[in-house]
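Quick note, the sequences are listed as chains V and Z, same order.
So the mapping is simple: the working numbering equals the position in the first sequence, first residue as 1, plus 46.
So the mapping is simple: the working numbering equals the position in the second sequence, first residue as 1, plus 46.
Just so you know, even glycine gets a beta-carbon here, dropped at the ideal spot from N, CA and C.
Note that the structure is a prediction, hence the values are computed from the model and not measured.
Worksheet: one structure, shown below.
There are 2 protein chains.
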Amino acid sequence: MELALLYSGGKDSTLAALFLDSFYDVTLVTARFGLTDDWEHARDAAASLDYDFRAVDLDRSVAEAAVERMVADGYPRNGIQQVHERALERVADLGVTAVADGTRRDDRVPTVSRAQAQSLEDRHGVDYIAPLSGFGRRAVDRLVESNLDVRVGPSEQIPKADYEGELRELLAREHGVEAVVEVFPDHEQTYVEGLRDPDTSK
Amino acid sequence: MELALLYSGGKDSTLAALFLDSFYDVTLVTARFGLTDDWEHARDAAASLDYDFRAVDLDRSVAEAAVERMVADGYPRNGIQQVHERALERVADLGVTAVADGTRRDDRVPTVSRAQAQSLEDRHGVDYIAPLSGFGRRAVDRLVESNLDVRVGPSEQIPKADYEGELRELLAREHGVEAVVEVFPDHEQTYVEGLRDPDTSK
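Here is the structure:
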């Protein structure tokens, strides 16, 4: 069964891939706006993990609407949520049996409600799977520690291909760098550099 | 990392085990009241799947309270939910890193809310994991079809070790067989007989 997993190169979506790949033929998929080359980090992480990879293009208007929402809100959550929903719609049209993402139980954004999941499934004829949605933050941290080599640091120093990099870029272009600082609080990002030696896992 | 998975011998908890066993040292755990020998079906399914197995005893008063609730309600949902919560509390005290169950996204019972999960985790110092909670019914059905040999039939003809068998027994003893028919609508159960040939899975 073919499964397309929305992939950023970060620890959550990588862990999601590890959970799914015993059961599905997993392709890691990164959505991009063409504003930056951030998607290449996801491609490189996918290659180092030996997963199939593909990039899909989202319309620039999706990023523009998200940025306007972020500026109006003064925080990024709703804008990122909008982009995630559009990205799920996009991968649901790839002709796969199932689509998935790396959302965790304790995530505040993005979130996909049961009603949203069922709607996506019904409209596109796919299964939507959130393999980490039954795992809390501490369980994910333990699994990452056991299974992945991860680099951690401030958002702007960690190569990653979630929507944040491109949305920051567009925000800076349209509203100046001070808008980026205002909308995005400092927080840490992760980037997966590979798998741990399997002998030391579990 | 040691993980105790609440196990009935049915398809959901068996699929949960398959998802978890690449990452945890999984022990399948069946809670029992000592009213019937139903737990032996779970033990046998665990043996055929080559998992470690253990039975834990729940206090008879838990079953009695659940049965009274079912009779008062006229349906089994809340009574089964009560028992599931008590069973989770019980396995959370086994000294493991994580406890898990087979609840799915679309299940009506049992359900474990995010707040309940966090409370269980905080009070017992364990991770609570619901590996199928990000999977809808159709996705689970597809995975079961690909990975498990399952027997399906009416509840009373399928050997299984969820709480239902023992609660039916207690209900019949205390309120007569007509109470069982009244409280439990006819519905199908599943029992896992083994894994499918791995060459045909995916």
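Min CB distance residue i to chain Z below 8 Å
i, result
"residue 128/V", "no"
"residue 63/V", "no"
"residue 164/V", "yes"
"residue 240/V", "no"
"residue 180/V", "yes"
"residue 116/V", "no"
"residue 131/V", "no"
"residue 250/V", "Residue 250/V cannot be examined here, being either before or after the span of chain V that is shown, 47 to 248."
"residue 154/V", "no"
"residue 95/V", "no"
"residue 138/V", "no"
"residue 134/V", "no"
"residue 74/V", "no"
"residue 176/V", "yes"
"residue 194/V", "no"
"residue 52/V", "no"
"residue 144/V", "yes"
"residue 78/V", "no"
Residue i - DSSP class collapsed to helix/strand/coil
i, result
"residue 198/V", "strand"
"residue 240/Z", "strand"
"residue 149/V", "coil"
"residue 105/V", "coil"
"residue 97/Z", "coil"
"residue 60/V", "helix"
"residue 174/V", "strand"
"residue 158/Z", "coil"
"residue 74/Z", "strand"
"residue 138/Z", "coil"
"residue 207/V", "coil"
"residue 213/V", "helix"
"residue 189/Z", "helix"
"residue 52/Z", "strand"
Environment of residue i [buried if 16+ CB atoms lie within 10 Å]
i, result
"residue 91/Z", "buried"
"residue 165/Z", "exposed"
"residue 83/Z", "exposed"
"residue 161/Z", "exposed"
"residue 211/V", "buried"
"residue 223/V", "exposed"
"residue 136/Z", "buried"
"residue 88/Z", "buried"
"residue 125/Z", "buried"
"residue 159/V", "exposed"
"residue 185/Z", "buried"
"residue 107/Z", "exposed"
"residue 231/V", "exposed"
"residue 163/Z", "buried"
Length of the line joining the Cα atoms of residue i and residue j
i, j, result
"residue 115/V", "residue 198/Z", "50 Å"
"residue 213/Z", "residue 183/Z", "25 Å"
"residue 100/Z", "residue 133/V", "44 Å"
"residue 167/V", "residue 173/V", "5 Å"
"residue 240/V", "residue 55/V", "10 Å"
"residue 80/Z", "residue 112/Z", "15 Å"
"residue 139/V", "residue 188/V", "34 Å"
"residue 63/V", "residue 226/V", "31 Å"
"residue 67/Z", "residue 120/V", "43 Å"
"residue 157/Z", "residue 127/Z", "7 Å"
"residue 193/Z", "residue 242/Z", "5 Å"
"residue 73/Z", "residue 96/Z", "10 Å"
"residue 209/Z", "residue 171/Z", "25 Å"
"residue 51/V", "residue 141/V", "13 Å"
"residue 77/Z", "residue 117/Z", "22 Å"
"residue 70/V", "residue 65/Z", "12 Å"
"residue 190/V", "residue 206/V", "17 Å"
"residue 236/V", "residue 131/Z", "35 Å"
"residue 105/Z", "residue 61/V", "38 Å"
"residue 98/V", "residue 49/Z", "31 Å"
"residue 196/Z", "residue 58/Z", "11 Å"
"residue 86/Z", "residue 169/Z", "31 Å"
"residue 238/V", "residue 93/Z", "37 Å"
Residue-level contact to chain V via CB, residue i, 8 Å cutoff
i, result
"residue 173/Z", "yes"
"residue 68/Z", "yes"
"residue 167/Z", "yes"
"residue 185/Z", "yes"
"residue 225/Z", "no"
"residue 59/Z", "no"
"residue 189/Z", "yes"
Using 8 Å as the Cβ pair cut-off and three pairs as the minimum, do the segment 209-218 of chain Z and the segment 164-181 of chain V touch?
No, the segment 209-218 of chain Z does not touch the segment 164-181 of chain V.
Can we say the segment 135-154 of chain Z touches the segment 150-159 of chain V, given the rule of at least three CB pairs closer than 8 Å?
Too few Cβ pairs lie closer than 8 Å, so no.
Below 9 Å between beta carbons is the criterion; list the residues of the segment 211-225 of chain V that meet it against any residue of chain A, in chain order.
In summary, chain A is missing from the structure at hand, where the protein chains are V and Z.
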